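Visitor: Let me give you the structure first, and then I'll get to my questions.
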Amino acid sequence: MRICLTVNGKKQELDSTPGDTLLHLLRRIGYKGVKKGCESGDCGACAVLLDGRVVNSCLVLAAKADGHCVTTVEGLAGQEKTGELHPVQEAFLEQGAVQCGYCSPGMMIAAVDLLAHNPNPTDQEIKEGISGNLCRCTGYVKQIEAIRIAAKKMRKSADV
Amino acid sequence: MCEQRKQEFTIVGRSERKVDGIALVTGKPKFVTDIDLSNMLYVKILHSPYAHARITEINTSRAESLPGVMCVLSSKNTPSTRYTTAGQGYPEPSPYDTRMFDTKVRFVGDRVAAVAAETEEIALQALKEIEVHYEELPPVLSVDAATALETAIIHDEKDASGIFDPARNISAKIDINVGDVTQGFAESDFIVETTCETQYAQHTPIEPHVVLSYLDEDGRLVLRTSTQVPFHVRRIVSYVLGIPLHRIRVIKPRIGGSFGVKQEVLLEDLAGLVTLRTDRPALIELTRQEEFVSTRTRHPMRIRVKLGAKRNGVLHAIEMEALSNTGAYGSHSLTVLSNVGSKTLPLYNKAKNVRFSGKAVYTNLPVAGAYRGYGATQGYYSLEVAMDELAGQLGLDPIELRRRNHIRCGESSPIFEEIGEGREGVAQTINSCELERCLEIGAKRIGWAKKRGSRTRNGSWVHGLGMSIHMQGSGIAQVDMGAATIKMNEDGSFNLLVGATDLGTGSDTILGQIAAEVLGVPLSKVIVYSSDTDFTPFDVGAYASSTTYVSGTAVKRAAEEVRGQIVEVAAAMLESDITSLAIKDEQVISIDGRSVTLAEACQRAMYQADQFQIGAMASCVQDQSPPPFMSSFAEVAVDTETGFVKIVDYVAVVDCGTVINPKMAQGQIEGALVNGIGYALSEVMLFSPTGRVQNATLFDYKILGALDIPPIDITLLDSYEPTGPMGAKSIAEIGINGPIPTIANAIYDAVGVRLTKTPFTPERVLSAIRSHST
Amino acid sequence: MALSNLREYVRPDGLDMALSLVKEKGRSARVIGGGIDLVRSSSPDIETLVDLSQLSLSYVRQTDKGIAIGATTTLTEIVEAPVLNNYLQGVVVEMLRQVGAPSLRNLASMGGTLASAHPWSDVITLFVALGAQVTLYNGVTRMVPLSDLYASRALLSPAIITEALLPAYAHGTAAAFMKFSRTKFDIAILNCACLISTQNGDCESVRLTAGGTPQLAALLPEVAEVLLGRKLSQTSIGQAAEMARETTLVRNDLRASGNYRRELVYAGVKRCLTCVSTHLSGASQ
């Protein structure tokens, strides 16, 4: 079957099968930043934004995403060739929130959803926001800090 | 006694961004499966459904005839060489008790056969077509069953080697005596004895094991694999498959966590053989389920500790006896067992009489292996709980008891010499130890004096405080070797090539920082490339907390040699004496103020005069393994109605020598603590009566999430290890040892109950509280 | 491989078309809300999926009967619906924030949650306590109490859940929910909920549930009985909790033993009732 997907702002017509998951489809067409950790929705490594909301792409059938917009970690940074990182990426890098980096794409995607809907989250809300994203390296401390810092930065730039 | 050599650094000591950070946060294809190879085969493994059985017949012809199946492997068509999957230095101290495919299976999940096919679906379909006849054998499903008089023998094969006593299911054994413990206890005024038991637990890196193999244009086998030990992978695969080592190249790209579970050669032999047989790339990617069932776990242990102390609170005798469950194979069985004693007992070096004994026994349960902490984690549980009890008996504050007994700078312990890694150890004197400050600062930050023993109540919740102290090591003395190559480019940048293996820990970055510091350049001028057996010099790999200390020293030496070469070239350019020159800010500067840039120096060496490549390779093997130290404190609240334990605050104070990169060092401790808290409170592999893992998913096996973490307060002490690079020691493992005894002792402070079995699930805690109060 | 035998994915634009597909294909067809359970199940029996997303069933509205939630509304949309903040002291929002994680709540739908009927479901435990109703469509529309749906699954074959209704309650009614789990991102070892209406301080109607026992949520009528006509006091709450410990049906599973669940029922009922008591005394002041 053919499905139509807008990935990181780019509309594409793709070959798929009814049982295909969004995770497999995205990786197959080159979005390798979408990671596979459990394929059962328990780890969050495969998280992407579906119409702006974080979902585990391993639990979404590609057919269900037909006609919708997907954002992967590759789509977070500026589209122009400025190489400018998203404030969440910048903060993850700066705060040492990335260790092995395998959970980072999903974790940052969850953070982007959180901050889009709650620009000034409490620490508890940050933790809730990434509660479905497991990380075995960092102990979450630096990731929570990074999201707090990114939120502040984003609020500032929204003010000006 | 111990010098504090404060040194000023420019790059070292700064929280530099990870050198691979931008690629990681932008999702660049850095991991094993992030590249697409055409014509790739998918390999799936058939795992044993039985805990203990002989394969009487295996028929693969139906599977082989399935369209799309390219290769079926089993005991019938694979090498029968016995080896160990443990990625350790050669000769490995682990027994050679494993075959690629054996005619006997020893745990549910053991390898039976494998299929390589055009698609994953075909491979899975073909697995169903393999007919296997099993003759079931009595399964041995506990350490007690394994050591019983009448028991099935798990390793009855004739061609295994290095097993201590196969007929009694003993994989490894150890017995160390210092002084005379019997007399020591007789002379002691106070004696306590504690036995604690730890559970089966899994590392759960978020990236499961994965390997991609292919032949390069010259027909050499390339293994792109998620491993901690690329050089050991190359050696072991060469041995198992019987192909020359020089025909193999192992590349470790970025990997998604490991924690010890990838210090094993679990898939590379298989992928390699498929590629050699079919001339095609082969991918093996374990599912989460397979990760739980068929990879490695922490060694579950039962450890008895007996302490004898004089009235003044000084330990006089220590006895420690460990019974370790190594599962179906003896990977790391001896060395993890050794570390139970060697990484704990030197901490209390005042005791004149020490005995450490133990066995690692086989069972028909999943295979244990290396796991962050490596035996010390298990040992500290019993030891530090016993210390807490002793403090109670003596009427001493637990901190004071530690103060009277812990090792100090300038001191030694006979244990260092007695226990090594599968052989005798190496005598060493402690050159850096800030335990006293660790205790003082930790006590202050947790509010020890005010809160401990107060049993503050809040409804059904009761608060309590606990503490423990720890040491680990920094590499394996006189065993671990790391090497580094540095070559210079004409823009004044450097390639740093290291065999060392960055597991996500950030070792590429800190090794780069060490080089940049010596070479007087910003980190951006050091291009770090690591873990490629064709292009980087040898390194044992990332384990035993060795990289900063061992590989870091190799990097420092190589950088110093390169710096010497640069200075010589600059001396010729400036027509001055090398002693009057210094390197700083990408320049060689003479005392009279004249300078040349590093780029100019390299350009001269490359193109203009006395031409040569500025570059050097250096190696390092250390004569000691200086321990990092840590004090660990927790405030817990225990719900006396439900048994839930909440960590209210966690404080850790760590002496790791010079901190090369503060944020990364904190991250090591935070990650290890949270892993340790999960291990203490919730993580446990459960087994059916037939030995099958019942909770082999992240849905059923719970590791901590962001909502579960307590406030964590970490202090990294300013300290200096004279034998380490820039004064550094290790930091990777020590953190994980803290939570179990600290939390156990805090629960005791809160509700007066000693928990002697991990994990401290609410159900277990409640039942202990109930049986205590009746 | 998820759903290896799936052949078609249909998005009907009318309820009748959806229903006729389900009727025609029988067990090989499934209605999909978020699809989480279907993908996780990897069931080889499923050949057709009927996606309800084109049926305009995503809404949370205040009606004169209560709060109506459309079947395809995601749990996130429910959490974020302003109208639920003041419904029974915000208990629905509080419960939903403990269900899964955002990445799951953004997919999971109201209808899917009720149809999947996971025994540990926090939603069902609370909704049964709240006396929720569900609207089913099998050619005709009818509304039944949610608890009836689980008493007789035949109600769903074939029928499509189109809406859930949380009844409106008068002043003097309060609810509470309590979940026990090993880690926060985990299903309940046990959950419980209660809804109490009072008249002059006396309990006039009481609904208590416990779920994840490990069976699906069930009402605890014996416990309710203890409280009827009485005031919520430390004594009555204690007696009710004791009754819950004695009478709730519990079993062992991987997560906990039955005996331990008994203790959790005790603590959970006690805490829910204490919470309700606080709400009610707060409201009366």
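In order, the protein sequences belong to chains A, X and B.
What the first sequence shows, in the working numbering, is residues -3 to 156, in sequence order.
What the second sequence shows, in the working numbering, is residues 7 to 780, in sequence order.
What the third sequence shows, in the working numbering, is residues 6 to 290, in sequence order.
Backbone N, C-alpha and C define an ideal beta-carbon position, used for all residues, glycine too.
Only a predicted model underlies this, so the values are computations on that prediction, with no experimental measurement involved.
So P97/X packs on V246/X, CB below 8 Å; how close in whole Å?
Guide: Distance from P97/X to V246/X at the Cβ level is roughly 15 Å; contact not present, criterion being Cβ atoms closer than 8 Å.
Visitor: To the nearest whole angstrom, what separates the beta carbons of V50/A and P107/B, a pair I think is in contact under 8 Å?
Guide: 5 Å
Visitor: In this structure, does DSSP put N743/X in helix, strand or coil?
Guide: helix
Visitor: A112/A versus chain X: which residues are under 7 Å apart at the beta carbon?
Guide: By Cβ distance, chain X contributes nothing, its closest Cβ being about 18 Å from A112/A, past 7 Å.
Visitor: Since D714/X meets chain B, which of its residues come closer than 9 Å, beta carbon to beta carbon?
Guide: Going along chain B in sequence order, the residues near D714/X (Cβ under 9 Å) are T188, K189 and F190.
Visitor: Look up N355/X in the DSSP assignment and say whether it is helix, strand or coil.
Guide: coil
Visitor: Which chain B residues sit within Cβ distance under 9 Å of G711/X?
Guide: Within chain B, the C-beta atoms nearer than 9 Å to that of G711/X come from A106, T188, K189, F190 and D191, in chain order.
Visitor: Could you check if K152/A is buried or exposed, using at least 16 other CB atoms within 10 Å of its CB as the buried criterion?
Guide: exposed
Visitor: What are the uninterrupted segments assigned as beta strand (DSSP E) that are 3 or more residues long and contained completely in the stretch 16 to 52 of chain X, given in chain order?
Guide: none
Visitor: Given a limit of 7 Å on CB to CB distance, which residues of the stretch 62 to 86 of chain B reach chain A?
Guide: T81
Visitor: With H139/X as the anchor, note down where its beta strand (DSSP E) starts and where it stops.
Guide: Taken as a continuous stretch (DSSP letters only), the beta strand (DSSP E) holding H139/X covers E137 to E142.
Visitor: Between the C-alpha atoms of M76/X and L218/X, what's the straight-line distance to the nearest angstrom?
Guide: Here the C-alpha atom of M76/X lies approximately 16 Å from the C-alpha atom of L218/X.
Visitor: Give a yes or no on whether the C-beta atoms belonging to I201/B and V281/B are separated by under 8 Å.
Guide: yes
Visitor: So for H215/X, helix, strand or coil by DSSP?
Guide: coil
Visitor: Do you know whose CA, among E126/X, D714/X, R255/X and L400/X, lies nearest T542/X's CA?
Guide: R255/X
Visitor: Give a yes or no on whether 8 Å exceeds the smallest Cβ distance from M7/X to chain A.
Guide: Summary for M7/X: the model assigns pLDDT 49, below 50, so the residue's position carries little reliability; its value from the coordinates is reported in the next sentence. So no, M7/X is outside the interface.
Visitor: Please state if the CB of L93/B and the CB of A159/B are separated by a distance shorter than 8 Å.
Guide: no
Visitor: Three-state secondary structure (DSSP) at P420/X?
Guide: helix
Visitor: Measure the beta-carbon distance from A382/X to S330/X and round it to whole angstroms, keeping in mind my assumption that it falls under 8 Å.
Guide: Between S330/X and A382/X the Cβ distance is about 13 Å, and since that is not below 8 Å, they are no contact.
Visitor: Would you verify that the beta carbon of A640/X is, or is not, closer than 8 Å to some beta carbon of chain A?
Guide: no
Visitor: What's the call for A490/X, buried or exposed, on a 16-neighbour Cβ count within 10 Å?
Guide: buried
Visitor: Could you check if N318/X is buried or exposed, using at least 16 other CB atoms within 10 Å of its CB as the buried criterion?
Guide: Flag for N318/X reads exposed.
Visitor: List, in order along the chain, the chain X residues whose C-beta lies closer than 7 Å to that of V94/A?
Guide: K24, G27, L30 and V31
Visitor: Spatial neighbours of A129/X within its chain, please: C-beta separation below 6 Å, excluding the five flanking residues on both sides.
Guide: Y48, K50, V121 and A123
Visitor: Less than 8 Å between CB atoms is the rule here; does N4/X satisfy it with respect to chain B?
Guide: Here chain X has residues from 7 to 780 only, and residue 4/X is not among them.
Visitor: Indicate whether at least one CB of chain A lies closer than 8 Å to the CB of V44/B.
Guide: At a cut-off of 8 Å between beta carbons, V44/B contacts chain A.
Visitor: At 9 Å on the CB atoms, spell out the chain A contacts of L509/X, in chain order.
Guide: Q95, C96 and C133
Visitor: With 8 Å set as the bound, which would you pick, yes or no: does the beta-carbon of Q189/X sit closer than that to a beta-carbon of chain B?
Guide: no
Visitor: Could you give the C-beta distance for L364/X and L343/X, rounded to a whole number, given that I count them as a contact under 8 Å?
Guide: Sequence inspection shows Gly at residue 364/X; the Leu mentioned does not correspond to that position. That belief holds up - the Cβ atoms of G364/X and L343/X are roughly 5 Å apart, short of 8 Å.
Visitor: Just checking, does the stretch 132 to 151 of chain A make contact with the stretch 667 to 682 of chain X on the three C-beta pairs under 8 Å criterion?
Guide: Because the criterion of three Cβ pairs below 8 Å is met, the stretch 132 to 151 of chain A and the stretch 667 to 682 of chain X touch.
Visitor: Using a Cβ distance threshold of 8 Å, determine whether the stretch 78 to 93 of chain A contacts the stretch 29 to 48 of chain X, with at least three qualifying pairs required.
Guide: yes
Visitor: Can you give me the Cβ contacts of T341/X inside the same chain, cut-off strictly under 6 Å, excluding the 5 residues immediately before and after it?
Guide: P99, E427 and G428
Visitor: Contact criterion: CB-CB distance below 8 Å. Does I145/A meet it with respect to chain X?
Guide: Residue contact with chain X for I145/A: absent (no Cβ-Cβ distance below 8 Å to any residue of chain X).
Visitor: Can you tell me which of R226/X, Q205/X and L276/X puts its alpha carbon nearest to the alpha carbon of H215/X?
Guide: If we check each option's Cα against that of H215/X, L276/X comes out closest.
Visitor: Could you tell me which whole beta strand (DSSP E) segments of length 3 or greater appear in the stretch 180 to 209 of chain B?
Guide: 195 to 204
Visitor: Nearest CA to the CA of T231/X: which residue from L292/X, R253/X and A640/X?
Guide: L292/X
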